[in-house]
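Just so you know, we're using our numbering here: the sequence shown kicks off at 602 and counts up by one. Even glycine gets a Cβ: it sits at the ideal position worked out from N, Cα and C.
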Amino acid sequence: MGNVFTRNVGWKIASIVIAFFVWFAIVRVEDPYITKDFKHIPVKVLNEEIITSKNQYINFIEGQYVDVTLGGKRTIIERFHKEDIIATVDMQYLSFTDSLVIDIKPIEGITVVKKSPNDMRISRENVKSESRKITYEFEGNPKESYIHLDPIITPNTVEIEGPESKMAQVKEVKVTLGIDGATNDVTSVGKIRLLDKEGNEVSNIEKSIEEVSYQVPIRKLKEVNVLVKTTGSLPSGYKLTGSEVIPNKVTLVGTESAIDKINNLVLEVPLNNVTADVNKEIDLATVLPVGVSRYQNTNMVTVKLNVDKVEEKEVVILTHDISIERLPENLNISIVNTEDIKVKFRGIQDDLNRITVYNLNPTINLNNLEEGRHEVTLTLTYPRTVELVTEIPKVVIELTKQDQGDLTENIQDNAADMGEDTEINEPVDDTTVNN
């Protein structure tokens, strides 16, 4: 039996060695060694607080992502995924050049053939924090005839924090307020944006809040007339000759319900004890309801009253100043009055200066009168702005029959008189004829 195990020992050993190499070759052919590339693997930063606790900010220059080539048996590599690769840097090993070696966590049966980049490079800068006032811009416009007032933003400041270089870029902290087509107050929330001088958003800055609440009052506009109403009476001997409001139209702003009730603004001005022109500023707030004011201007308007002293003027009318109208045919006229006719007018001096015998155009109308003596009312033409103080004058005339020889001449005279009367009595807008 012992001869069986000891016989041909050399050949037996050789056979075993050959069999091993054959097995090894077969295994190598069936499960070969391969490599595979994995791209853009995020690098996790460990112990970051070592830097941030010093109130410093980390700027990543290179190495936030790494490309890795792994090698190993096909059966292992093909089952491997990008998510299985763990790449890290540890801030406690930060070099004086602010670089860190990127480590790939060992994987059994797999080797790291290549990685790129090999290091992470960073820079550090101080962190700055400050409080900023929140500004705003409107998006859209209210409906026509409506406007927006200044908004109420809550809160109206925000705390921001970031690296000094980024903080220096922030020129404005802004929120957009949407009011397009609004007719009532707008209440909503808006996102806070950090903008540089070109209006682009600045990133990598922390904000204490992301949104704010806002309310935008919406008011209605309306243009109305401003009128003057005088109360009381001027002292005797004075007359109100004109009134004016500057401006005589104003644009009001207020709530829709209050504005719709206003058609005109009436300013009351007392005349008691007034003996000269009035130039007075009046605050519209005295006549405006609560919640309504003048738009874009002061509430003050100016009221002007023209007050003139009343004077008297006497005018003497001679008989030859009187014009004859409608003298009946075949009749002669003679004026019985021998005394001059005196009429007195009352008014302001400028209007009295306009009154002359010529402008009064004293006239008597003889239409339908017959032969005999008559008392005829004298017609005078004078401005409406003056008052006739005396009674309307009357003229006594006598009509007598004409001789046949005088008839032709009289007709011609009457025709001439009637032509003149028609021209003189042409209607004038600013005069009144008293009979």
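Count the other CB atoms, across all protein chains shown, that sit within 10 Å of the CB of Ile614; report buried if there are 16 or more and exposed otherwise. Along the sequence shown, one-based indexing puts residue 614 at 13. So Ile614 ends up on the exposed side.
Simplified DSSP assignment, three categories, for Gln693: Position 92 of the sequence shown holds residue 693. Helix, per DSSP.
Straight-line Cα distance separating Val771 from Lys655: Position 54 of the sequence shown holds residue 655. Position 170 of the sequence shown holds residue 771. One C-alpha to the other measures close to 23 Å.
Which residues bound the beta strand (DSSP E) around Ile651? Here residue 651 refers to the residue found at position 50 of the sequence shown. Element bounds for Ile651: not the beta strand (DSSP E) but the alpha helix (DSSP H), Glu650 to Thr653.
Would a C-beta distance cut-off of 8 Å place Asn938 and Val996 closer than the cut-off? Taking the sequence shown and counting its residues from 1, one reaches residue 938 at position 337. Taking the sequence shown and counting its residues from 1, one reaches residue 996 at position 395. Yes, the pair counts as a contact, with Cβ atoms nearer than the cut-off.
Using 8 Å as the threshold, is the C-beta distance between Pro743 and Ile686 below it? Sequence index remark: in the sequence shown, residue 743 carries index 142 (1-based). Sequence index remark: in the sequence shown, residue 686 carries index 85 (1-based). No, Cβ-Cβ distance for Pro743 and Ile686 is not below 8 Å.
Cβ neighbours of Pro752 in the same chain (closer than 7 Å, five flanking residues each side left out): Along the sequence shown, read from residue 1 onward, the residue named residue 752 stands at position 151. Once the five neighbours on either side are set aside, the close Cβ partners of Pro752 are Tyr737, Leu778, Tyr815, Gln816 and Val817.
Just mark Met721 as buried or exposed, buried being the case when its beta carbon has 16 or more other beta carbons within 10 Å. Here residue 721 is taken as the residue at index 120 of the sequence shown, counted from 1. Buried, since its Cβ has 16 or more Cβ neighbours within 10 Å.
Between Tyr634 and Gly672, how many whole angstroms is the CB-CB distance? I'm expecting something under 8 Å. As a position in the sequence shown, residue 634 is number 33, starting the count at 1. As a position in the sequence shown, residue 672 is number 71, starting the count at 1. Yes, they are in contact, since the Cβ atoms of Tyr634 and Gly672 sit about 7 Å apart, within 8 Å.
List in chain order: all unbroken alpha helix (DSSP H) runs of 4+ residues lying wholly within the region 833-877. 857-860
Who pairs with Pro707 in a beta bridge, going by DSSP? Mapped onto the sequence shown, residue 707 falls at position 106. BP columns for Pro707 are empty, so no partner.
If you pair each beta-carbon of the region 962-976 with each one of the region 886-894, do three or more pairs fall below 8 Å? no
Helix or strand or just coil, what does DSSP make of Ser804? For this step, residue 804 is matched to residue 203 along the sequence shown. Coil, per DSSP.
Considering Cα atoms alone, identify which of Arg725, Leu841, Ser809 and Val854 is closest to Glu762. Taking the sequence shown and counting its residues from 1, one reaches residue 762 at position 161. It is Ser809 whose Cα lies nearest to the Cα of Glu762.
In the structure shown, what three-state DSSP assignment does Asn826 receive? What you label residue 826 is simply residue 225 of the sequence shown in a count that begins at 1. In the structure shown, Asn826 sits in a strand (DSSP, three-state: E or B).
Length at least 3, wholly inside the region 727-764: the beta strand (DSSP E) runs in chain order: 736-740, 747-749, 753-755 and 758-764
Check each candidate in Thr1001, Gly710, Gly948 and Asn757 and name the one with the smallest Cα separation from Phe681. Numbered from its first residue, the sequence shown carries residue 681 at position 80. Closest by alpha carbon: Gly710.
Is it right to say Leu828 is buried, meaning 16 or more other beta carbons lie within 10 angstroms of its own, or is it exposed? The sequence position of residue 828 within the sequence shown is 227, counting from 1. That one is exposed.
Bridge partners - Ala688, DSSP secondary structure assignment: Taking the first residue of the sequence shown as position 1, residue 688 is located at position 87. BP columns for Ala688 point to Val644 and Ile705.
Give every residue of the same chain whose Cβ lies closer than 7 Å to the Cβ of Leu953, excluding the five residues on either side of it in the sequence, and list them in chain order. For the purposes of this step, residue 953 is identified with residue 352 of the sequence shown, where counting begins at 1. Here the set comprises Glu912, Lys914, Phe946 and Val987.
For Lys683 and Lys640, the rounded distance between their alpha carbons: Against the sequence shown, residue 640 aligns to sequence position 39. Against the sequence shown, residue 683 aligns to sequence position 82. Approximately 8 Å, taken between the alpha carbons.
Spatially closest choice to Tyr839 from Ile847, Pro718 and Asn907, by CA coordinates: As a working mapping, residue 839 is identified with position 238 in the sequence shown. The candidate whose alpha carbon is nearest that of Tyr839 is Asn907.
Glu799 versus Lys821, Thr784, Lys792 and Val774, residue with shortest Cα-Cα distance: As a working note, residue 799 is residue 198 in the sequence shown. Looking at the Cα atoms, Val774 is the closest of the given residues.
Whole angstroms is fine: what's the gap from Glu760's alpha carbon to Val851's? If you number the sequence shown from 1, residue 760 lands on position 159. If you number the sequence shown from 1, residue 851 lands on position 250. Cα to Cα, Glu760 sits roughly 44 Å from Val851.
Hey, quick one: how far does the beta strand (DSSP E) through Asn960 stretch, first residue to last? Taking the first residue of the sequence shown as 1, we reach residue 960 at position 359. It is not in any beta strand (DSSP E) - Asn960 instead sits in the alpha helix (DSSP H) that spans Val958 to Leu961.
Within 10 angstroms of the Cβ of Asn1015, are there 16 or more other Cβ atoms? Answer buried if so, exposed if not. Taking the sequence shown and counting its residues from 1, one reaches residue 1015 at position 414. The predicted model places Asn1015 with a pLDDT of 43, which falls under 50 and marks its position as unreliable; any figure quoted below should be read in that light. When all chains shown are included, Asn1015 counts as buried.
Could you work out which residue in Ser837, Asn826, Leu872 and Asp861 is closest to Lys910 when comparing CA atoms only? In the sequence shown, the residue the question calls residue 910 occupies position 309. Of Ser837, Asn826, Leu872 and Asp861, the residue nearest in Cα terms is Ser837.
Using 10 angstroms around the beta-carbon of Met768, count the other beta-carbons present and answer buried if the total reaches 16, otherwise exposed. Taking the first residue of the sequence shown as position 1, residue 768 is located at position 167. Looking at its Cβ environment, which holds 16 or more other Cβ atoms inside 10 Å, Met768 is buried.
8 Å contact criterion, which Ile819 and Asp786 should meet: CB distance rounded: In the sequence shown, residue 819 corresponds to position 218, counting from 1. In the sequence shown, residue 786 corresponds to position 185, counting from 1. So it is a contact: roughly 5 Å between Cβ atoms.
I need the DSSP call for Gly952, collapsed to helix, strand or coil. By one-based count along the sequence shown, residue 952 stands at place 351. Reading the sequence as shown, one finds Asp at residue 952 and not Gly. It is helical.
Beta-carbon within less than 8 Å of Asn727's beta-carbon, same chain only, minus the 5 sequence neighbours each way: which residues are those? Within the sequence shown, residue 727 is the residue found at index 126, counting from 1. Contacts found: Asn656, Gln657, Tyr658, Pro764 and Glu765.
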